[in-house]
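Colleague: Chains as they are written, first to last, in the working numbering: chain A, 64 to 175; chain B, 410 to 519.
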């Protein structure tokens with residue numbers, strides 16, 4: 064079984080530039096999550112999807128972050144414009160009801 | 410609200426046991442445990458559900474005290490491969506989204 068696939072693995076951009084991350088969850092997992100993890104800390108939830116519906120985006124900084132999950136499968140997270148404080152690892156995860164999350168390898172974003 | 414993990418770090422020798430604790434001030438529906446190695450994604454270890462059901466790893470055990478909103482992860486006869494940062498994640502109600510603690514860094518020495 065293929066795991067959660069994320070791309071790119073690394074991204075370095077200048078501040079004020081846009082950036083996008085892509086995630087393909089495990090087939091059959093209806094719930095998809097985007098988390099942000101700063102160095103030395105636990106992951107923090109940005110947004111949760113149930114199928115194609117964003118059911119909790121309360122922690123997504125909506126002035127610069129946006130996300131979509133078309134057809135309830137893969138998802139894209141975008142930042143525009145990026146700020147220095149956005150440097151972090153962006154993790155995508157998927158799950159099936161009542162089971163643990165499977166995380167992707169993440170995208171390490173560096174904003175310079 | 411973020412769960413509190415203790416200890417923040419622990420160092421032990423191969424074959425020794427360790428306990429990692431996780432506590433929350435809110436009523437919990439479930440507790441998850443994950444292990445993350447440096448530069449890698451968190452890997453699911455175990456889920457403990459309200460009511461006592463457990464699903465997960467066959468060499469690692471855990472407990473969930475629903476009254477105290479606490480969970481403990483028990484690592485027995487530690488192996489070098491157990492090294493990493495352990496995170497607990499808590500779900501409130503049936504919201505189905507995890508809030509993670511700040512992690513416990515476990516180092517197993519030969």
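Using N, Cα and C, we set each Cβ at its ideal position, and we do this for glycine too.
For residue 414 of chain B, which of B:512, B:491, B:442 has the nearest alpha-carbon?
Modeller: Here the question's residue 414 of chain B lines up with position 5 in the second chain. Of the candidates B:512, B:491, B:442, the one whose C-alpha sits nearest the C-alpha of residue 414 of chain B is B:512.
Colleague: Should residue 445 of chain B be labelled buried (16 or more other beta-carbon atoms within 10 Å of its own) or exposed?
Modeller: For the purposes of this step, residue 445 of chain B is taken as the residue at position 36 of the second chain. Residue 445 of chain B should be labelled buried.
Colleague: Would you call the segment 117-134 of chain A and the segment 161-171 of chain A touching, i.e. three or more CB-CB distances under 8 Å?
Modeller: No, the segment 117-134 of chain A is not in contact with the segment 161-171 of chain A.
Colleague: Starting from the C-beta of residue 427 of chain B, find all residues in its chain whose C-beta is less than 7 Å away, skip the five residues before and the five after it, and write them out in chain order.
Modeller: Position 18 of the second chain, counted from the start, is the residue given in the question as residue 427 of chain B. So the qualifying residues of the chain are 419, 421, 484, 487, 515.
Colleague: Using the beta-carbon count (16 or more within 10 Å), is residue 175 of chain A buried or exposed?
Modeller: Reading the first chain from its first residue, position 112 is the one you call residue 175 of chain A. Exposed.
Colleague: Going along chain A in order, which residues have a C-beta closer than 8 Å to the C-beta of residue 403 of chain B?
Modeller: The question about residue 403 of chain B has no answer, for chain B in this structure spans 410 to 519.
Colleague: How is the beta strand (DSSP E) around residue 441 of chain B delimited, first residue to last?
Modeller: Your numbering for residue 441 of chain B matches position 32 in the second chain. Note, residue 441 of chain B: beta strand (DSSP E), 439-445.
Colleague: Is residue 93 of chain A closer than 7 Å to residue 151 of chain A when the C-beta atoms are compared?
Modeller: In the first chain, counting from the first residue as 1, residue 151 of chain A sits at position 88. In the first chain, counting from the first residue as 1, residue 93 of chain A sits at position 30. No, Cβ-Cβ distance for residue 151 of chain A and residue 93 of chain A is not below 7 Å.
Colleague: Look at residue 67 of chain A and residue 165 of chain A and say whether their C-beta atoms are less than 7 Å apart.
Modeller: Here residue 67 of chain A is taken as the residue at index 4 of the first chain, counted from 1. Here residue 165 of chain A is taken as the residue at index 102 of the first chain, counted from 1. Contact flag set, yes.
Colleague: Only counting the same chain, and skipping five residues up and downstream in sequence, which positions put a Cβ closer than 7 Å to that of residue 91 of chain A?
Modeller: Numbered from its first residue, the first chain carries residue 91 of chain A at position 28. So the qualifying residues of the chain are 159.
Colleague: The beta strand (DSSP E) that contains residue 171 of chain A, what's its start and end?
Modeller: Walking along the first chain from the start, residue 171 of chain A turns up at place 108. Residues 170-174.
Colleague: Would you verify that the beta carbon of residue 450 of chain B is, or is not, closer than 7 Å to some beta carbon of chain A?
Modeller: In the second chain, counting from the first residue as 1, residue 450 of chain B sits at position 41. Closer than 7 Å: yes.
Colleague: Within the same chain, show all residues whose beta-carbon is closer than 7 Å to that of residue 77 of chain A, passing over the 5 residues directly before and after it, in chain order.
Modeller: Here residue 77 of chain A refers to the residue found at position 14 when the first chain is read from its first residue. Excluding positions up to five away in sequence, the list reads 175.
Colleague: Checking contacts by CB at 7 Å: is residue 168 of chain A closer than that to chain B?
Modeller: For the purposes of this step, residue 168 of chain A is taken as residue 105 along the first chain, with counting starting at 1. Yes, residue 168 of chain A counts as interfacial toward chain B.
Colleague: Classify residue 105 of chain A as buried or exposed, calling it buried when 16 or more other Cβ atoms lie within 10 Å of its own Cβ.
Modeller: Position 42 of the first chain, counting from 1, holds the residue named residue 105 of chain A. Buried.
Colleague: Given a cut-off of 7 Å, decide if residue 146 of chain A and residue 132 of chain A are closer than it, judged by their beta-carbon atoms.
Modeller: Walking along the first chain from the start, residue 132 of chain A turns up at place 69. Walking along the first chain from the start, residue 146 of chain A turns up at place 83. It is not a contact, given that the beta carbons lie outside the stated cut-off.
Colleague: Can the beta-carbon of residue 72 of chain A be found closer than 7 Å to that of residue 153 of chain A?
Modeller: One-based indexing of the first chain puts residue 72 of chain A at position 9. One-based indexing of the first chain puts residue 153 of chain A at position 90. Contact: no.
Colleague: Label residue 471 of chain B either buried or exposed according to how many other C-beta atoms from any shown protein chain fall within 10 Å of its C-beta, with 16 as the threshold for buried.
Modeller: Mapped onto the second chain, residue 471 of chain B falls at position 62. Answer is buried; the Cβ neighbour count reaches 16.
Colleague: With residue 442 of chain B and residue 458 of chain B assumed to form a contact (beta carbons below 8 Å), what rounded beta-carbon distance in angstroms separates them?
Modeller: Residue 442 of chain B sits at position 33 when you count from the first residue of the second chain. Residue 458 of chain B sits at position 49 when you count from the first residue of the second chain. Incorrect: roughly 13 Å between the Cβ atoms, too far for contact.
Colleague: Which first and last residues belong to the beta strand (DSSP E) in which residue 69 of chain A is found?
Modeller: Counted from its first residue, the first chain places residue 69 of chain A at position 6. Counting along the chain, the beta strand (DSSP E) containing residue 69 of chain A begins and ends at 68-70.
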